[in-house]
Amino acid sequence: GLLMGDKSFDLCVGVLGILKSGAAYVPMDPVRFPKERIKFMMEDTSMCLLVTVGKHKAYVNGLELDDNMISVEYIDESDNFFSFATLVRSSLATDYAYMIYTSGTTGKPKGVICNHVGPVNMISLEWYQYRKKIIKNIVGCGAPVVFDMFVHGFFGTVGVGAAFSLDLKNCTVLKCTPSIAP
Numbered sequence: 035g036l037l038m039g040d041k042s043f044d045l046c047v048g049v050l051g052i053l054k055s056g057a058a059y060v061p062m063d064p065v066r067f068p069k070e071r072i073k074f075m076m077e078d079t080s081m082c083l084l085v086t087v088g089k090h091k092a093y094v095n096g097l098e099l100d101d102n103m104i105s106v107e108y109i110d111e112s113d114n115f116f117s118f119a120t121l122v123r124s125s126l127a128t129d130y131a132y133m134i135y136t137s138g139t140t141g142k143p144k145g146v147i148c149n150h151v152g153p154v155n156m157i158s159l160e161w162y163q164y165r166k167k168i169i170k171n172i173v174g175c176g177a178p179v180v181f182d183m184f185v186h187g188f189f190g191t192v193g194v195g196a197a198f199s200l201d202l203k204n205c206t207v208l209k210c211t212p213s214i215a216p
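Residue numbers (this note's numbering): 35 to 216.
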């Protein structure tokens, strides 16, 4: 499913929900990306579900979604459309987990598909090397959700059971590219 939103708790829940359903996610940033790029990504991926938060409802309405595209602005527990039963799905290491688009500076943006084995290997490495240090810290990830570094920061932290800071407040460890580090 296409995942649109700011780096937030709801977005993280959306990532986990899409993966738990057995699907792959494609992160989109309505602030960084113009509507033309978002529409290109929607058409390029042939996705049928757009997950976002109510804050972006007007933006989503302006996209003129195809008839086969469903937009989920919010999930209400009283809504009978959704089931809160535990999903029993298993994904193979070679199944798609997410797709991140290149910047498109040399032409059209290209989607890079990543399967489950990459993040699983990274979480395993984090667990093996850093579990004693990281478990005691609050890890901040400075990367936007549309970059691979977010995957490393989010899954590498949550996967070992550590605390994760989305707003970088109170973090004791920061995961970012060297160019962003203070």
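Ideal placement from N, C-alpha and C gives every residue a C-beta, glycine not left out.
For clarity, every value in this text was computed on a predicted model and none was experimentally measured.
At which residues does the alpha helix (DSSP H) containing A92 begin and terminate? K91 to N95 is the span of the alpha helix (DSSP H), which, as asked, contains A92.
Does the segment 133 to 144 come close enough to the segment 43 to 51 that 3 or more CB-CB pairs lie under 8 Å? Cβ pair count under 8 Å is below three, so no.
Label G174 either buried or exposed according to how many other C-beta atoms from any shown protein chain fall within 10 Å of its C-beta, with 16 as the threshold for buried. G174 should be labelled buried.
Using 8 Å as the cut-off, can you tell me whether the segment 151 to 162 makes contact with the segment 78 to 85, which would need three or more C-beta pairs spanning the two stretches below that distance? Counting C-beta pairs with one atom in each stretch, the segment 151 to 162 and the segment 78 to 85 have fewer than three that are closer than 8 Å, which means they do not touch.
What is the residue span of the alpha helix (DSSP H) that L83 lies within? Segment L83 to V85 is the beta strand (DSSP E) holding L83; no alpha helix (DSSP H) there.
Taking C-beta to C-beta, are K41 and V179 nearer than 8 Å? Note that the C-beta distance between K41 and V179 is below 8 Å.
Cβ separation of C205 and I172, assumed to be a contact under 8 Å, to the nearest whole Å: Going by Cβ atoms, the distance from C205 to I172 rounds to 5 Å, so yes, they are a contact pair.
Along the beta strand (DSSP E) that carries V179, what are the first and last residues, could you check? Secondary structure note for V179: it is in no beta strand (DSSP E), with a DSSP letter that is neither H nor E.
Name the one or two DSSP bridge partners that P61 has. DSSP, once it has assigned bridges, lists L37 as partnering P61.
Report the residue from A196, K69, M133 and A58 whose alpha carbon sits nearest the alpha carbon of H90. Of A196, K69, M133 and A58, the residue nearest in Cα terms is K69.
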